[in-house]
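Student: Residue 116 in this note's numbering is what sits at position 116 of the sequence shown, and the numbering runs on without skipping anything. Below you'll find the structure I mean.
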Amino acid sequence: MTARRHTHTLTFLGTGASCGVPSFYCGCKACEEAQVDPRAARDCSGILIAGKQNTLIDAAPELRRQLVREGISRIDQALFTHGHFDHLGGIPQLEFYVRVKTKSPLPIYTGEQTIATIKQQYSFMLDTLDIHLIRAFETICLDGVSYTALPAAHCKDSYGFLIEVGQGDETAAPSPCPSQSSRTAGQKGQKGDGSFLSCIKENIIQDKNEPSPFCPSFCPSRTAYFPDTGPLPPETLEYLQDLDNLIIDSTFSGKNWMPATHHSIDEAIALAELLKPRRTLLTHLAMHFDEPITLKELEHKLLSCESVIQVAYDGLSFEL
Ligand SMILES: [Zn+2]
Ligand SMILES: [Zn+2]
Ligand SMILES: [Zn+2]
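Here you go:
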């Protein structure tokens, strides 16, 4: 029997909403806790997928500090969920990385509206970016990982990403996963059939450095990353069955001030109970509004849930 071999890790660079925790103007109990417990302090949200290459999803305004904290000295490509400042504001910090260090435009992948925002807001650095459009439901393969762009309920052309990583013995002959048929149900409007399998076969957007992505098994681990979203569209939910990890917007504590475009913590829990992933991680946490909650209180609350639900924190890392 072959032991599972993990090839990639996911690291939370930030897990906060745009206000951050603590906020400079706020003395609520969540902010007080964050002043003394580093695990309760939150930058704006973003993650890094590390394998043979480093792939960034979103560039928070605190990007430089986040990368220094995690000891990351190289970014090979970036994907963007949407163009709001808390997810895109760190992009200028990559300008001199390209001009001085790599001297080669950084490949980035995102939706049409986000590309328009980048072109408008960051015109001074367009020569340092190699911009690629991903349409909804398209899958791209980078460093042996497939990323499927799924519509979020947030702003125009906003996405979450389904992140699938092969696991297994590098030398084993590829064989379809028994549950592959159920895992690839419901794909519409994709190149190929958009599945992990077809992504590997067709290299829909070819990895420039590695013609054959390292995906030895076709039974991938499945992680969904939705940092900003209201109630997910049905066509997106179809893709989120049989997840290993659901990483989900949990912006509000108590009343949801923006129910069409964000989740409250209770709504995120309800989604976890509906989809039943192996694990749910709460992210994009404001913690202040409108009933401030401390990390300690939230972790205690989650103990009573039927599903495994954890609070993500800045610097949390796990194998995919
Ligand atoms: Zn506060
Ligand atoms: Zn947003
Ligand atoms: Zn956000």
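Backbone N, C-alpha and C fix where the C-beta goes; we use that ideal spot for every residue, glycine too. Keep in mind that this is a model prediction, so the values were computed, not measured.
(1) Which one or two residues does DSSP pair with G14 in a beta bridge?
(2) If we define contact as Cβ-Cβ less than 8 Å, is V308 a contact residue for chain D?
(3) Examine the Cβ distances between the region 75-92 and the region 37-47 and report whether three or more of them are shorter than 8 Å.
(4) Mind listing, in chain order, the continuous beta strand (DSSP E) runs of no fewer than 3 residues lying wholly within the region 215-264?
(5) Tell me whether the beta-carbon of D244 lies closer than 8 Å to the beta-carbon of S221.
(6) Taking only three categories from DSSP, how would you classify V68?
(7) How about H154: is its Cβ closer than 7 Å to a heavy atom in ligand 1?
(8) Comparing the CB of H300 with every heavy atom of ligand 2, is any distance shorter than 7 Å?
(9) Taking the alpha-carbon positions, what's the D249 to P22 distance?
(10) My output table needs one value for C141: the three-state DSSP class, helix, strand or coil.
(11) Mapping DSSP to helix, strand and coil, what is I293?
(12) Give a single yes or no on whether D266 has its beta carbon closer than 7 Å to a heavy atom of ligand 2.
(13) Excluding the 5 residues preceding and the 5 following Y239 in the sequence, name in chain order all residues of the same chain whose CB lies nearer than 6 Å to its CB.
(14) Rounded to whole angstroms, what's the CA-CA distance from L275 to T128? Just pull it up for me.
(15) Quick check: A30 and P233, are their CB atoms within less than 8 Å of each other?
(16) How many Å lie between L302 and T102 at the Cα?
(17) Quick one: Cα of T236 to Cα of Y147, how far?
(18) Do the CB positions of L285 and G27 come within less than 8 Å of each other?
(19) With which residues is L129 paired in a DSSP beta bridge?
(20) Any heavy atom of ligand 1 closer than 7 Å to the beta-carbon of C28?
(21) From the DSSP output, in three-state form, read off Q77 for me.
(22) Any chance the CB of S23 is under 7 Å from a heavy atom of ligand 1?
(23) What's the call for R183, buried or exposed, on a 16-neighbour Cβ count within 10 Å?
(24) Quick check: I115 and L142, are their CB atoms within less than 8 Å of each other?
(25) So, for I57: in the same chain, excluding its five sequence neighbours on each side, which residues have a beta-carbon less than 8 Å away from its beta-carbon?
(26) Suppose the cutoff is 6 Å on Cβ atoms and the five residues either side in sequence are ignored; what does the same chain contact list for R64 look like?
(27) DSSP on S317, reduced to helix/strand/coil?
(28) Considering only heavy atoms of ligand 2, does any lie closer than 7 Å to the CB of D43?
(29) To the nearest angstrom, report how far apart T223 and L246 are at their CA atoms.
(30) Compute the Euclidean distance between the alpha carbons of V145 and P61, then round it to the nearest angstrom.
Tutor: Walking through what the data contain:
(1) Answer is G46, bridged to G14.
(2) The structure shown has no chain D; it contains just one protein chain.
(3) Contact between the region 75-92 and the region 37-47 is present: 3 or more CB-CB pairs across the two stretches fall below 8 Å.
(4) The region 215-264 is shown to contain whole beta strand (DSSP E) runs of 3 or more residues at 221-226 and 245-249, in chain order.
(5) Taking 8 Å as the Cβ cut-off, D244 and S221 qualify as a contacting pair.
(6) In this structure, V68 counts as helix in the three-state DSSP scheme.
(7) False, no ligand heavy atom lies under 7 Å from that Cβ.
(8) Outside the cutoff, so no.
(9) Spanning the two alpha carbons is a distance of roughly 18 Å.
(10) DSSP places C141 within a strand segment (E or B) once states are collapsed to three.
(11) Three-state DSSP puts I293 in coil, outside helix and strand.
(12) False, no ligand heavy atom lies under 7 Å from that Cβ.
(13) Apart from sequence neighbours up to five positions away, the residues of its chain that approach Y239 with a beta-carbon distance below 6 Å are L150 and L162, ordered along the chain.
(14) CA-CA distance, L275 to T128, rounds to 40 Å.
(15) Contact flag unset, no.
(16) The alpha-carbon atoms of L302 and T102 are separated by roughly 44 Å.
(17) Taking the straight line from one Cα to the other gives about 14 Å.
(18) It is not a contact, given that the beta carbons lie outside the stated cut-off.
(19) DSSP output for L129 lists L106 as bridge partner(s).
(20) Ligand 1 has a heavy atom closer than 7 Å to the beta-carbon of C28.
(21) Reduced to three states, the DSSP call for Q77 is strand.
(22) Within the cutoff, so yes.
(23) For R183, the predicted model reports a pLDDT of 41, less than 50, meaning its position is unreliable; a value from the coordinates is still stated below. Buried.
(24) Contact: no.
(25) Closer than 8 Å at the Cβ level, and outside the excluded window around I57, lie G46, I47, L48, I49, A78, L79, F80, T81, F161 and Y225.
(26) Taken in chain order, the residues that qualify are Q93.
(27) If DSSP states are grouped into helix, strand and coil, S317 belongs with the strands.
(28) No, the beta carbon of D43 sits no closer than 7 Å to any heavy atom of ligand 2.
(29) Between T223 and L246, the C-alpha separation is close to 6 Å.
(30) V145 and P61: Cα-Cα distance of roughly 26 Å.
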